[in-house]
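Trainee:
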Amino acid sequence: MHQLCKGTAPQPQPEKEFWELLNTLYEVHPAFKKCVPYYPTAAEICKEIEDFILELQQKTTLPQRFSVEELTEQGAV
20 MHQLCKGTAP
30 QPQPEKEFWE
40 LLNTLYEVHP
50 AFKKCVPYYP
60 TAAEICKEIE
70 DFILELQQKT
80 TLPQRFSVEE
90 LTEQGAV
């Protein structure tokens, strides 16, 4: 209720497959880190994996902003 009053709505719980895929990314990341001493460009791949994980988490778990006025205009409220 508190989130709704602040103009945010919780997202639905991601499916089990999402968490399994995210865990796979968590496993792959350290493997690339071990490659950095031998293949320095692996550091760039690590950064891309980190950014991708953060983006996935934000898009699927953070509350979404909404406007009551816009929803009312659309007839959703």
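Residue numbers (the numbering used here): 20 to 96. Just so it is clear, CB atoms sit at the ideal spot from N, CA and C, and this is done for glycine as well.
Does DSSP classify Q30 as helix, strand or coil?
Mentor: coil
Trainee: Cα separation between C54 and A61?
Mentor: 6 Å
Trainee: Terminal residues of the continuous alpha helix (DSSP H) containing V47?
Mentor: 35 to 54
Trainee: Rank P56, G26, H48 by C-alpha distance to the C-alpha of I64 and give the top, closest one.
Mentor: H48
Trainee: Just to confirm, is the Cβ distance from A28 to Q76 under 7 Å?
Mentor: no
Trainee: Quick check on this structure: which residue in L41, W38, N42, E67 has the alpha carbon closest to the alpha carbon of K52?
Mentor: E67
Trainee: Should P33 and T79 be called a contact, given that it needs their Cβ atoms to be closer than 7 Å?
Mentor: Result yes, Cβ atoms of P33 and T79 sit closer than 7 Å.
Trainee: Would you mind reading off the limits of the alpha helix (DSSP H) that contains T60?
Mentor: Annotation: T60 is outside any alpha helix (DSSP H) and is labelled neither H nor E by DSSP.
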